[in-house]
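Only one structure is covered here, and it is reproduced in the block below.
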Amino acid sequence: MAFARCIAKFTKNYFLPDSSRSISITATRNIKEIREVKENNTTIIEGIVKPHPKEHLMLKSCDNGACPLCSAGVNVKHTDVLILKQFVRSDGCMLPRRITGLCNIQQKRVGIMVTMAHRAGLMGTLKPKNCRMDPKKRRDWRKYNTYYDETTIKQSYY
Numbered sequence: 186m187a188f189a190r191c192i193a194k195f196t197k198n199y200f201l202p203d204s205s206r207s208i209s210i211t212a213t214r215n216i217k218e219i220r221e222v223k224e225n226n227t228t229i230i231e232g233i234v235k236p237h238p239k240e241h242l243m244l245k246s247c248d249n250g251a252c253p254l255c256s257a258g259v260n261v262k263h264t265d266v267l268i269l270k271q272f273v274r275s276d277g278c279m280l281p282r283r284i285t286g287l288c289n290i291q292q293k294r295v296g297i298m299v300t301m302a303h304r305a306g307l308m309g310t311l312k313p314k315n316c317r318m319d320p321k322k323r324r325d326w327r328k329y330n331t332y333y334d335e336t337t338i339k340q341s342y343y
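Heads up: the sequence shown is residues 186 to 343, going by this note's numbering.
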């Protein structure tokens with residue numbers, strides 16, 4: 186059994202090298218313009234990527250080796266659900282650091298923000314099974330959503 190696990194891990198690492206999964210803070214739009222050029226008896230059809238008309242408004246990523254959140258300098262809060270959903274599996278659990286590509290500090294910070302978003306009821310569709318964050322499974326005062334004041338969030342994770 187251990188040998189099979191070792192072989193499976195080796196083939197996974199050999200055939201699927203570490204792919205850097207990038208997060209997206211701004212929407213990407215890769216629209217291609219299709220051009221058809223006729224030369225003698227040949228027809229050349231090519232797709233050319235059109236630049237986005239609001240390219241100057243999009244967030245530029247730095248390739249300096251830092252994690253995506255550190256290099257972008259974005260301050261993610263628990264209310265930024267669209268950004269936080271990119272770090273969560275479909276069942277509501279946090280993705281590991283090797284997949285997210287975040288540094289240790291940002292991974293811990295995003296994990297705390299995801300937990301805060303769950304407790305505030307902002308990420309209601311993304312919950313692990315048998316989760317106590319489900320209001321129906323909570324007791325006493327915990328059955329109500331928690332509301333966080335942004336000034337009370339610990340600054341040590343920024």
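Think of the CB as a built atom: it goes at the ideal place given N, C-alpha and C, for glycine as much as any other residue.
Quick caveat, the model's predicted, so the values are computed rather than measured.
The beta-bridge partner set that DSSP reports for glutamate 224 consists of Thr227.
Counting other Cβ atoms within 10 Å of its Cβ, valine 222 stays below 16 and is therefore classed as exposed. Annotation for isoleucine 216: no alpha helix (DSSP H) segment contains it, and DSSP assigns it neither H nor E. Under DSSP, valine 266 forms no beta bridge with any residue. When the Cα atoms are used, glycine 250 and glycine 258 turn out to be separated by approximately 14 angstroms. Looking at the backbone, the Cα of lysine 239 and that of lysine 217 are separated by about 16 angstroms. Fewer than three beta-carbon pairs drawn from the segment 268 to 280 and the segment 229 to 238 are found closer than 8 angstroms, and the two stretches are therefore not classed as touching.
Our two residues, aspartate 265 and asparagine 225, have alpha carbons roughly 55 angstroms apart in a direct line. At a Cβ-Cβ threshold of 8 angstroms, valine 299 and methionine 279 count as neighbours. Residue environment for arginine 304: buried (at least 16 other C-beta atoms within 10 angstroms of its C-beta). With 16 or more other Cβ atoms inside 10 Å of its own Cβ, histidine 263 counts as buried.
Assigned with DSSP and collapsed to three states, methionine 308 falls in coil, not helix or strand. Distance from valine 295 to leucine 307 at the Cβ level is roughly 14 angstroms; contact not present, criterion being Cβ atoms closer than 8 angstroms.
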